[in-house]
Structures are given as C-alpha cells and as structure tokens.
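Engineer: In our numbering, the protein residues as written are 1345 to 1500.
Pasting a structure below so you can have a look.
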C-alpha cells in the first residue's frame, strides 16, 4: 500500500512538472523565429545551418547547383550581399512542416548598388535534424538572381 502511495505521488509530481516546464521549440517554431529575426535585421535563418549543411539552388541556369556551406557562403552569399546597398528584407507568406521538412514561402527585396530594386520570390525546403538545418533546396527566380550577380561591384 505504501509503495502504491509513493508511486501515485511520484506520477502526480511527474505529470505536474511536465505541465509547468516549457516545451522546447519545435523545428517550425525555430524557423519562424529565425525568419522573424531576419526580417527585423537582428538574425538570420543561416544561423540554423549545420557546419556540413548542403545548399542546392534549383533551376535552369548555371547558378543552380549544390554547395557545401563554406562554398555557398563564398560563392553565393558574400558576392550577392556585395551587390546590395540595403539589407535583404524577407516577407514570409507561409511556413509549413511535413515531418522533418520545413517549407518556407517568402519574398525578399533590397536596393542594389546601382540604385535599382531587387525583388524575388522564394521557396526554401529545410531538412531538419535535432533543431538544425542539414539540407536546403532553394527555388527562386534565377534570372533575377543572376542579373544581380552580373552587376560589377566596382561600378558603384
């Protein structure tokens, strides 16, 4: 009888502690938070990438290929950002989750170094593991992206 009472008290405390303790953020919430911070200029979804993440740009131009994180930063992110006069500001339309896949539909815009406006629509597919992004497939208007990359950074 005493064992049953102790067990009952233990189970009661266990259940009570579970309702009081905060649940860890799920993958969708992590991505939503990262995009909210990015739109405010105080963070980036790139912070969620693992060191060995693969980023695939999908599409019909030469820019479409798979990069490791280091090459992606050197060959895509840094050169792209050099051509921006203002930071890229995303507007998220929807974020969906299907198992370990997070799908983000958003548009982004910035002013380019030549004074023109850059606008693009994106669909990013994040494969998540333990709260981190291990693989990305990115769909975007590559003609708009390639036009930005064709800008001479020395012409500003």
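Even glycine gets a Cβ: it sits at the ideal position worked out from N, Cα and C.
Please read these numbers as outputs of a predicted model, since none were measured by experiment.
In whole angstroms, give me the CA-to-CA distance for residue 1436 and residue 1387.
Structural biologist: Each residue's Cα considered, the two are about 15 Å apart.
Engineer: Looking at residue 1427 and residue 1374, is the spacing between their C-beta atoms short of 9 Å?
Structural biologist: No.
Engineer: Looking at residue 1409 and the ligand PLP, is the gap between the Cβ and the nearest heavy atom below 8 Å?
Structural biologist: Because no ligand of any kind appears in the structure shown, any question about the ligand PLP cannot be addressed here.
Engineer: Is the segment 1455-1465 touching the segment 1377-1395, taking contact as three or more C-beta pairs under 8 Å?
Structural biologist: Verdict: no, contact absent.
Engineer: Closer than 6 Å by C-beta to residue 1399: which residues in its own chain qualify, once you throw out the five before and the five after it? Chain order, please.
Structural biologist: Excluding residues within five positions, the ones whose Cβ falls inside 6 Å are 1411, 1416 and 1480.
Engineer: State the Cα-Cα distance for the pair residue 1423 and residue 1431, rounded to the nearest angstrom.
Structural biologist: The alpha-carbon atoms of residue 1423 and residue 1431 are separated by roughly 13 Å.
Engineer: Where residue 1365 and residue 1397 are concerned, what is the direct C-alpha to C-alpha distance, given to the nearest angstrom?
Structural biologist: Here residue 1365 scores only 46 on pLDDT, less than 50, and its place in the model should not be relied on; the value that follows carries that caveat. The alpha-carbon atoms of residue 1365 and residue 1397 are separated by roughly 32 Å.
Engineer: Give the range of the beta strand (DSSP E) segment to which residue 1470 is assigned.
Structural biologist: Unbroken beta strand (DSSP E) run through residue 1470: 1461-1473.
Engineer: Within the same chain, show all residues whose beta-carbon is closer than 8 Å to that of residue 1381, passing over the 5 residues directly before and after it, in chain order.
Structural biologist: So the qualifying residues of the chain are 1387 and 1388.
Engineer: Between the alpha carbons of residue 1460 and residue 1489, how many angstroms are there, rounded?
Structural biologist: If you take the alpha carbons of residue 1460 and residue 1489, they lie about 13 Å apart.
Engineer: Going along the chain, which residues of its own chain have a beta-carbon closer than 6 Å to the beta-carbon of residue 1403, five neighbours each way excluded?
Structural biologist: Hits under 6 Å: 1486.
Engineer: Considering residue 1384, what are the terminal residues of the alpha helix (DSSP H) in which it resides?
Structural biologist: Premise fails: residue 1384 is in no alpha helix (DSSP H) and is neither H nor E.
Engineer: From residue 1401 to residue 1429, what distance separates their C-alpha atoms?
Structural biologist: When rounded, the distance between both Cα atoms is 23 Å.
Engineer: Is residue 1484 near residue 1464, with beta carbons less than 9 Å apart?
Structural biologist: Their beta carbons are under 9 Å apart, which means residue 1484 touches residue 1464 by this criterion.
Engineer: State the CB to CB distance for the pair residue 1473 and residue 1444, rounded to an integer number of angstroms; the pair is presumed to be in contact (CB under 8 Å).
Structural biologist: Contact holds; Cβ gap of about 7 Å.
Engineer: Which of the three DSSP states is assigned to residue 1457 in this structure?
Structural biologist: Of the three classes helix, strand and coil, the one that applies to residue 1457 here is coil, per DSSP.
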